[in-house]
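Residue numbering for the sequence shown follows the numbering used here, starting at 85 and increasing by one per position. Each residue gets a CB set at the ideal place from its N, CA and C atoms; glycine is no exception.
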Amino acid sequence: MLQKYLNANLLNVTDDDDHKKLLKSSEELTKKLLKSKAKVALFTLIAIDPDIDPENPSILEVKALIIKHWTTFSTNAKDTALVFIRAVIFDSLSRLLDKEGFAETIWFASRNIIKYRKLIGNEKEIIFEFLTNIGKSINQKGIQSWSIEPMNNSAKQLELKTVERYTLSEETLTKYLEDAAGPQGKSGAANFATPNPYWSNQQTHWSLEFAPRASKGIKINVDASLKAIVNTVNENNATIQKAINSNSLTESDDEKQRILALRSQLLWWKEAGYSDSTDKAYDEINSRTMGLVLACDYAEIIPTIYPKSVDYFLKHTYRNILKNNSGELNLKDFFDNIKNSEDQLNHVIPETDLIEELPNLLNFVSKLSRNQVNISQVMELTGIPEDTEVKEDELVVWLFHDFLLLKVLKQK
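Okay, here's the thing in C-alpha cells:
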C-alpha cells in the first residue's frame, strides 16, 4: 500500500532510506496489530477517515512509531503528516490479510461506513481497490464453502500388499562368487561375462580380481531384494495416502451437511419470522427497531465467511416482514426509536469492551440504548451526520455487518 501511495504522488518521499524507514514503521505496527483484532478494527476506521483528528491517540501512537525510525519525519511531512500516518496504517493492514480473521475484521469494520468518509482522488481509488479486493476474496471463499456438491458415501477398504520377495537369491549369489573365485565355476564354464581370470593359487593376481567381483555380485543380489521391498512399500504408501484423501473427502462431506443444515435453518427462520433474542415474532416488534433485532439474530446464525447473496437474503427477509413497505429512513428518527425502546433492546444489543472504542454505528447504538451518549453526538462519535437518509434494508445489512464484526472480534 505504501508503494501505491508513492506511485500516486500522495507521499513526498525522494530518499530511498526514508521509504525504508516507513516500511520498518509499518512492520513494527503490524506486530502490534497482530495481538488484537479489536485494534485492527479501530485502526481500519481511522485509516479510512481523512478528517481524523491529528490528536487522536491512535494517530499519535503511529506518529511516534514513525519518528522512532525516521527522526526528521515531523519536519519532512509537516503538511501531510496524516496522509503518511494513514498510509503506514494501510500498509500494516495489508500485511495482515493472510492471517485468520483479520481480512474479515477489516472488511466488516469499513464496508458500510466508508461511504460517509470524504475520500477523494487517487487516495479514494487506492482505498476502494484495497477494500473491494478484500470483499471479493471473502465472497469467493464464501461461495466455495457454501457450495453443495455430490457427496461421497461409499465405504473404502484399505488393501495393502505383502512383501513377496525379501530374501537374497542363494543361486544367483553362488554364481557370482564362483566367477569371483576363478575362470570357471562348478559347471566348467563362467556364469557371467567377466569371471576372475586367475585361480586362487595365483595369489597376488587372484586376490586383486576377487574382491570387486564378489562385492559386485553381493550388491546386485542385495539390491534386487531391496528393490522388491521398496516397490511394495511405495505401493502401500500410495494406497494409504489415497485412504487419507478419502477420509478428507468424508470430512468435506460433513461440512456439506453442515451447510445444508444451515440453509434449512435460514429458510425456517425466514418462514417462521420468530426472534430468539426477543422471544417475539418480528412483526410484533416496533417496525423502526425491528431491523436492529433482525440483524442481531441473523448474525448469530451466519458464519463470518459467507457469499454476498447472504446479504440479499437478509434484505428480502426484512422486506417480507414489512410486506414490501421498506423505504428511506432518517437516522435521527431511527435513533429516536432506539431511545424509546431502551427496555426492549438492552438485552438484544450486547454491552462489550470489544467495540467500546470503535467509531462505528453499532457502538453508538449500544451506548445510546444505555443512555451513555446523546443523539447529537453521532457526528462526533461516528462521523455520520444525524440527518443522514438511508434505505431501511441497507441499514439492516449495515447493522448485520457490525454484529458480524463483533462476532469476529470474539473469536480466538
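- For Val474, there is no enclosing alpha helix (DSSP H); the enclosing beta strand (DSSP E) has its first and last residue at 473 to 475.
- Arg179 is positioned such that its CB atom lies no closer than 9 angstroms to that of Pro134.
- In this structure, the beta-carbon distance from Arg201 to Leu215 does not fall below 9 angstroms.
- In the three-state reduction of the DSSP assignment, Tyr358 falls in the strand class.
- The shortest CA-to-CA distance from Glu184 to any of Ile211, Ser120, Tyr382 is the one to Ser120.
- Straight across, the Cα-Cα distance linking Asn217 with Lys208 is about 14 angstroms.
- Residue environment analysis places Tyr402 among the buried positions, since at least 16 neighbouring C-beta atoms fall within 10 angstroms of its C-beta.
- Counted as a single uninterrupted DSSP element, the stretch harbouring Leu413 is not any alpha helix (DSSP H) but the beta strand (DSSP E) occupying residues 412 to 414.
- Within the model, the alpha-carbon separation for Gln325 versus Ser221 is close to 31 angstroms.
- Judged by pairs of C-beta atoms under 8 angstroms, the region 157 to 173 does not touch the region 456 to 468, as fewer than three such pairs exist.
- With 16 or more other CB atoms across the displayed protein chains lying within 10 angstroms of its CB, Gly375 is buried.
- Annotation: the continuous alpha helix (DSSP H) that includes Glu188 extends over 186 to 194.
- Per DSSP, Asp102 is one residue of the alpha helix (DSSP H) stretching across 100 to 117.
- Between Gly301 and Lys340, the C-beta gap is not smaller than 9 angstroms, which leaves the two residues out of contact.
- Taking the Cα of Pro138 as reference, the smallest distance to any Cα among Lys123, Ser158, Lys152 is reached at Ser158.
- Excluding its 5 nearest sequence neighbours in each direction, Gly219 has C-beta neighbours in its own chain below 7 angstroms: Trp191, Arg195, listed in chain order.
- Measuring C-alpha to C-alpha distances from Thr164 to each of His153, Ile136, Ala187, Thr189 identifies Ile136 as the nearest.
- The beta-carbon distance between Gly226 and Ile389, rounded to whole angstroms, is 5 angstroms. This is short enough to meet the 8 angstroms contact definition.
- Taking a contact as a CB-CB distance under 8 angstroms, the pair Thr128 and Ala193 counts as one, their CB atoms being some 4 angstroms apart.
- Distances from the CA of Asn96 to each of Leu126, Ser359, Trp482, Leu166 were compared; the closest alpha carbon is that of Leu166.
- In its chain, beyond the 5 residues on either side, Ile197, Tyr200, Leu415, Leu445, Val462 have a beta carbon closer than 8 angstroms to the beta carbon of Ile468.
- Leaving aside the five residues that flank Asp420 on each side, the residues in its chain whose CB is nearer than 8 angstroms to its CB run, in chain order, Ile459.
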